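Step one of this worksheet: look at the structure below.
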Amino acid sequence: MADIHFPNSWAVARTAKRWIGAAIACAGVLVLIVEGVQLARSGSATGAALTGGCIAALATALGTVPVLLSQQFSQRVYDSMLGFGAGVMLAASSFSLVIPALAAAKSQGGGAWGSGALVAAGVLLGALALLVIDRVVPHEHFVKGVEGPESRALKRVWLFVLAIVLHNLPEGLAIGVAFAGTDPVGAAALTTGISIQDVPEGLVVALALRSVGYGKLSAAGLGMLSGLVEPVAAVLGAAVIGLTAALLPWGLAMAAGAMLFVISHEIIPESHRKGHEAHATTGLLLGFVLMMVLDTALG
Numbered sequence: 114m115a116d117i118h119f120p121n122s123w124a125v126a127r128t129a130k131r132w133i134g135a136a137i138a139c140a141g142v143l144v145l146i147v148e149g150v151q152l153a154r155s156g157s158a159t160g161a162a163l164t165g166g167c168i169a170a171l172a173t174a175l176g177t178v179p180v181l182l183s184q185q186f187s188q189r190v191y192d193s194m195l196g197f198g199a200g201v202m203l204a205a206s207s208f209s210l211v212i213p214a215l216a217a218a219k220s221q222g223g224g225a226w227g228s229g230a231l232v233a234a235g236v237l238l239g240a241l242a243l244l245v246i247d248r249v250v251p252h253e254h255f256v257k258g259v260e261g262p263e264s265r266a267l268k269r270v271w272l273f274v275l276a277i278v279l280h281n282l283p284e285g286l287a288i289g290v291a292f293a294g295t296d297p298v299g300a301a302a303l304t305t306g307i308s309i310q311d312v313p314e315g316l317v318v319a320l321a322l323r324s325v326g327y328g329k330l331s332a333a334g335l336g337m338l339s340g341l342v343e344p345v346a347a348v349l350g351a352a353v354i355g356l357t358a359a360l361l362p363w364g365l366a367m368a369a370g371a372m373l374f375v376i377s378h379e380i381i382p383e384s385h386r387k388g389h390e391a392h393a394t395t396g397l398l399l400g401f402v403l404m405m406v407l408d409t410a411l412g
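Numbering (our numbering), first residue to last: 114 to 412.
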């Protein structure tokens, strides 16, 4: 009886821990929302950035719901969703980050060539920062497996979490930098586009975790937690830009470079590896067009 009772007790304890973890994650989201609403009412850029980041985090959490309901998706749908997310991020980096960065640089006295050079340098710096993080921080790609120093010493779950953070970090920074600028309507459009993209992103993250053996609750919980980096990064981005307006074009350009790195280094290769390039490309085009329309119509 003892041999049978111990595994059952262990399973109950493990399930209880998962539910506690999910409850903590939900509580964290609610606290962020409340704080974000209070700060947004004060009219501060930091408050608006936190609110935008919370909306993106909620969108990520929403995307994990089908996994909790045991919904199954084909690899073709999975790749199409990845392509859609890449398209949204590509348009956001162009219309909501690079173009405003050029305008901000020109408004600060830069000429056409000088503004272009500044933004180009910012894009490259943003991509370089993500490349350094990709090389230094131990993490695991869903395609290429384990990377980074001492990665064997870390549990796979934390490697996945680190990989997800690398995906969401530039999105949160982009939201914060946008709200720190002078175009709140454009920042709202960027937040809307990223949030739309975060719904399928939350789903594909949870599905990826399910595909390597995690349970429904664990996969959905980690997917929800992955979105919490966005409000934190949004506040950080807004706070840094708030120090001086001279940093605005640099912040916008670096956020664009970081997003472009994620698109090329992670999302597109993942969406093409199973032979569904046409569906992934179609998703990319639809995502790009949707974000472009949102940005131009709302801006």
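Each residue gets a CB set at the ideal place from its N, CA and C atoms; glycine is no exception. Treat the numbers as computed from the prediction; the structure is a model and nothing was measured.
Residue i to residue j, Cα distance in whole Å?
i	j	result
M372	V402	17 Å
L171	L341	9 Å
L182	L282	28 Å
A302	D408	5 Å
F374	I168	23 Å
V353	G388	42 Å
P382	G222	40 Å
A300	G306	10 Å
CB-CB under 6 Å to residue i, same chain, minus the five flanking residues each way: which ones, in chain order?
i	result
H392	R189, D192 and S193
K219	S228
G400	F197, G200 and V201
A346	L282, G285 and L286
S384	D192, L195, G196 and A393
P344	L145, L163, G166, C167 and A170
Would you decide whether residue i is buried or exposed? Buried here means 16 or more other CB atoms lie within 10 Å of its CB.
i	result
P297	exposed
R265	Confidence in R265 is poor, its pLDDT being 48 and thus under 50, which makes the residue's placement unreliable; the coordinate value appears in the next sentence. The residue in question, R265, is exposed, as its Cβ has fewer than 16 Cβ neighbours within 10 Å.
T164	buried
S377	exposed
G364	buried
G396	buried
T304	buried
Please decide whether residue i counts as near chain D, where near means a Cβ-Cβ distance under 8 Å.
i	result
T394	The question asks about chain D, but that chain is absent: this structure has only one protein chain.
Report all residues from its chain with a CB closer than 7 Å to the CB of residue i; omit the five preceding and five following residues, and keep chain order.
i	result
M405	A204 and F208
A158	F292, A293, A351 and G355
L361	A217, A293, G294 and I354
For residue i, which residues from the same chain have a beta carbon less than 8 Å from its beta carbon, with the 5 sequence-adjacent residues on both sides left out?
i	result
A366	L210, V211, A214, L231, V232, A233, A234, G235, V236, L238 and G239
V348	T159, A162, L163, G166 and G289
K329	V180, L181, S183 and R323
_Contact the stretch 194 to 202 vs the stretch 302 to 321: 3+ CB pairs below 8 Å_ = yes
*Flag this pair as touching only if the stretch 160 to 177 and the stretch 327 to 337 have three or more C-beta atom pairs under 8 Å; answer yes or no.*
yes
*Please list the segments of the alpha helix (DSSP H) lying wholly inside the stretch 161 to 205, counting only runs of 4 or more residues, in order along the chain.*
178 to 181 and 188 to 204
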